[in-house]
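Only one structure is covered here, and it is reproduced in the block below.
In the numbering used here, the protein residues as written are 8 to 360.
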């Protein structure tokens, strides 16, 4: 088993290269091994492009070795036609007889079908190597399909005495609690997730862009809670360069042609703010095929998800400064799965168990 773990671990490493780039597909890595030596490897880079198994098989210089090699893949090879042909068919056609799989793909189009096709073709198949690690790799994908909602990450920064914001604000600029290292890390996170959500007060007070300015990567879809459409039309959130969804209590009148042109990348979704808001947001994001979202809202928005117990991770920065009074940070319970210091800041990551 240890030899299998070594190569599945390499599959996971390869797959992680594409974090944030494969949506709506999962991240997958694959290696081909002959006589305990990797002779080919690859990973799925982007939806619509070749899958990991294709890259791995194509990278083998001596095709005669394929029939003698073992292919390792972090996720069950697909068996259906999507934007690319089935990987299970390619494995069979390549003459590969031994297949080691990290975990079954629970997506209905695949779930067990790829394994069955391989077995029916006479392949020797082993499943469940480093299964927990392989599921962790695609926690967004699995959560989206199993729970029919995005993987939800709560994120906030608090002072050493537990406040999110001071009692009063003198200007329309964000109050930075954390340092530049933490700020850059947050932009990296934005590039890894499909969506980012804030509430009305944060939007009005900070006028944020919610983009990946400090990190190379795609901008997440911006999701803005704005029940009464109070956010000014000249705010950064109405810039049409980034896809944006406003969640409001009533659809705005967009009859004017000039408004329709200006809002070409912006949409409005109606929800009932008197009901369970977190559940409704989850349904809207699922319908919009958003597999993951960072909640960067203020205390009220964060508490909405905490109270509904609809969250998967919480990433909490604690800076060195003190406000002594102001907006208190939310209280949360969960298992600490990681902790580190970034200069003067402390970061704790919680999982909702």
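Glycine residues also receive a C-beta, built at the ideal position from the N, C-alpha and C atoms.
Residue 352 bridges to which residues according to DSSP?
-> The residue labelled residue 352 in the question sits at position 345 within the chain shown. Residue 352 pairs with 349.
Span of the alpha helix (DSSP H) around residue 3 = Nothing can be reported for residue 3, as the shown portion of the chain is limited to 8 through 360.
Classify residue 183 as helix, strand or coil using the three-state DSSP reduction.
-> Residue 183 sits at position 176 when you count from the first residue of the chain shown. Looking at residue 183 - three-state DSSP - the assignment turns out to be coil, as it is neither helix nor strand.
Can you tell me which of 34, 231 and 296 puts its alpha carbon nearest to the alpha carbon of residue 302?
-> Translated into the one-based positions of the chain shown, residue 302 becomes position 295. Among 34, 231 and 296, the Cα nearest to that of residue 302 is on 231.
Can you have a look at residue 102 and say buried or exposed, based on whether 16 or more other CB atoms are within 10 angstroms of its CB?
-> Translated into the one-based positions of the chain shown, residue 102 becomes position 95. With fewer than 16 Cβ atoms within 10 Å of its Cβ, residue 102 is classed as exposed.
For residue 243, which residues from the same chain have a beta carbon less than 6 Å from its beta carbon, with the 5 sequence-adjacent residues on both sides left out?
-> By one-based count along the chain shown, residue 243 stands at place 236. Around residue 243: 214 and 216.
On the three-state DSSP scale, how would you describe residue 361?
-> Outside the shown range of the chain (8 to 360) lies residue 361, about which nothing can therefore be said.
Cβ-based neighbour list, residue 264, same chain, cut-off 7 Å, excluding 5 preceding and 5 following | Counting from one through the chain shown, the residue named residue 264 turns up at place 257. Confidence in residue 264 is poor, its pLDDT being 45 and thus under 50, which makes the residue's placement too unreliable to answer from.
Residue 335 versus residue 187 - alpha carbon distance | Here residue 335 refers to the residue found at position 328 when the chain shown is read from its first residue. Here residue 187 refers to the residue found at position 180 when the chain shown is read from its first residue. Rounded to whole angstroms, residue 335 to residue 187 spans 23 Å at the Cα level.
Which word fits residue 23, buried or exposed, when buried means at least 16 other C-beta atoms lie within 10 angstroms of its C-beta?
-> Counting from 1 along the chain shown, the entry for residue 23 is found at position 16. Residue 23 should be labelled exposed.
Shortest alpha-carbon distance to residue 275 belongs to which of 208, 284 and 291?
-> One-based indexing of the chain shown puts residue 275 at position 268. Comparing Cα-Cα distances from residue 275 to each of 208, 284 and 291, the minimum goes to 291.
What are the start and end residues of the alpha helix (DSSP H) that includes residue 63?
-> For the purposes of this step, residue 63 is identified with residue 56 of the chain shown, where counting begins at 1. Start and end: 59-65.
CB-CB length for residue 137 against residue 12, believed under 8 Å | Taking the chain shown and counting its residues from 1, the one referred to as residue 137 is at position 130. Taking the chain shown and counting its residues from 1, the one referred to as residue 12 is at position 5. Contact holds; Cβ gap of about 6 Å.
Taking just the CA atoms, how far does residue 327 sit from residue 333?
-> On the chain shown, residue 333 is found 326 positions in, with the first residue counted as 1. On the chain shown, residue 327 is found 320 positions in, with the first residue counted as 1. Cα to Cα, the separation comes out at about 16 Å.
When the distance is taken between beta carbons, is residue 341 closer than 8 Å to residue 314?
-> For this step, residue 314 is matched to residue 307 along the chain shown. For this step, residue 341 is matched to residue 334 along the chain shown. Going by C-beta atoms, residue 314 is not nearer than 8 Å to residue 341.
Considering only residues of the same chain and omitting the five flanking positions on each side of residue 128, which have a CB-CB separation below 7 Å?
-> In the chain shown, counting from the first residue as 1, residue 128 sits at position 121. Cβ neighbours of residue 128 beyond the five flanking positions: 99.
Presumed contact (8 Å Cβ cut-off) between residue 80 and residue 59, rounded CB distance | For the purposes of this step, residue 80 is taken as the residue at position 73 of the chain shown. For the purposes of this step, residue 59 is taken as the residue at position 52 of the chain shown. At roughly 6 Å, the Cβ-Cβ gap stays under 8 Å, so residue 80 and residue 59 are in contact.
Just the C-alpha distance for residue 73 and residue 46, rounded to the nearest angstrom, thanks.
-> Counted from its first residue, the chain shown places residue 73 at position 66. Counted from its first residue, the chain shown places residue 46 at position 39. Each residue's Cα considered, the two are about 9 Å apart.
For residue 68, count neighbouring Cβ atoms within 10 angstroms of its own Cβ and tell me buried if that reaches 16, exposed if not.
-> Within the chain shown, residue 68 is the residue found at index 61, counting from 1. Result: exposed.
DSSP puts residue 230 in a beta bridge; with which residues?
-> The residue labelled residue 230 in the question sits at position 223 within the chain shown. 204 and 252.
Residue 384 to residue 71, Cα distance in whole Å?
-> What the structure shows of the chain is the stretch from 8 to 360, and residue 384 is not part of that stretch, so it cannot be assessed.
As assigned by DSSP and simplified to three states, the class of residue 48 | As a working note, residue 48 is residue 41 in the chain shown. Strand, per DSSP.
What do you reckon, are the CB atoms on residue 204 and residue 141 nearer than 8 Å?
-> Numbered from 1 along the chain shown, position 197 holds the residue referred to as residue 204. Numbered from 1 along the chain shown, position 134 holds the residue referred to as residue 141. Cβ atoms of residue 204 and residue 141: not closer than 8 Å.
CB contact flag (residue 27, residue 225, <8 Å) | The residue you call residue 27 lines up with position 20 of the chain shown. The residue you call residue 225 lines up with position 218 of the chain shown. In contact: residue 27 and residue 225 (Cβ atoms closer than 8 Å).
Pull up the CB-CB distance for residue 289 and residue 156, whole angstroms please, since I reckon it's below 8 Å.
-> For this step, residue 289 is matched to residue 282 along the chain shown. For this step, residue 156 is matched to residue 149 along the chain shown. Contact flag correct, Cβ pair sits at about 4 Å.
At which residues does the beta strand (DSSP E) containing residue 322 begin and terminate?
-> Start at 1 with the first residue of the chain shown, and residue 322 comes out as number 315. Its beta strand (DSSP E) spans residues 320-325.
Residues near residue 253 in its chain [Cβ-Cβ closer than 6 Å; skip 5 each side] | Numbered from 1 along the chain shown, position 246 holds the residue referred to as residue 253. Counting only Cβ-Cβ distances below 6 Å, and skipping sequence neighbours, we find 231, 233 and 275.
Mind checking whether residue 170 and residue 330 have CB atoms under 8 Å apart?
-> On the chain shown, position 163 is the one that residue 170 refers to. On the chain shown, position 323 is the one that residue 330 refers to. Yes.
Is residue 81 helix, strand or coil when you go by DSSP?
-> Your numbering for residue 81 matches position 74 in the chain shown. Of the three classes helix, strand and coil, the one that applies to residue 81 here is strand, per DSSP.
Taking all protein chains shown into account, do 16 or more other C-beta atoms lie within 10 angstroms of the C-beta of residue 122, making it buried, or fewer, making it exposed?
-> Within the chain shown, the letter at position 115 stands for residue 122. Looking at its Cβ environment, which holds 16 or more other Cβ atoms inside 10 Å, residue 122 is buried.
Can you tell me where the beta strand (DSSP E) with residue 301 in it begins and where it stops?
-> Translated into positions along the chain shown, residue 301 becomes position 294. Taken as a continuous stretch (DSSP letters only), the beta strand (DSSP E) holding residue 301 covers 299-302.
Whole-angstrom distance between residue 295 and residue 65, CA atom to CA atom = Position 58 of the chain shown, counted from the first residue, corresponds to residue 65. Position 288 of the chain shown, counted from the first residue, corresponds to residue 295. The alpha-carbon atoms of residue 65 and residue 295 are separated by roughly 35 Å.
How is residue 222 classed by DSSP in three states: helix, strand or coil?
-> For the purposes of this step, residue 222 is taken as residue 215 along the chain shown, with counting starting at 1. Correct three-state label for residue 222: coil.
Secondary structure of residue 165, DSSP reduced to three states | Here the question's residue 165 lines up with position 158 in the chain shown. Three-state result, residue 165: strand.
Beta-carbon spacing of residue 271, residue 306 below 8 Å | One-based indexing of the chain shown puts residue 271 at position 264. One-based indexing of the chain shown puts residue 306 at position 299. For residue 271 and residue 306, no; Cβs fall outside 8 Å.
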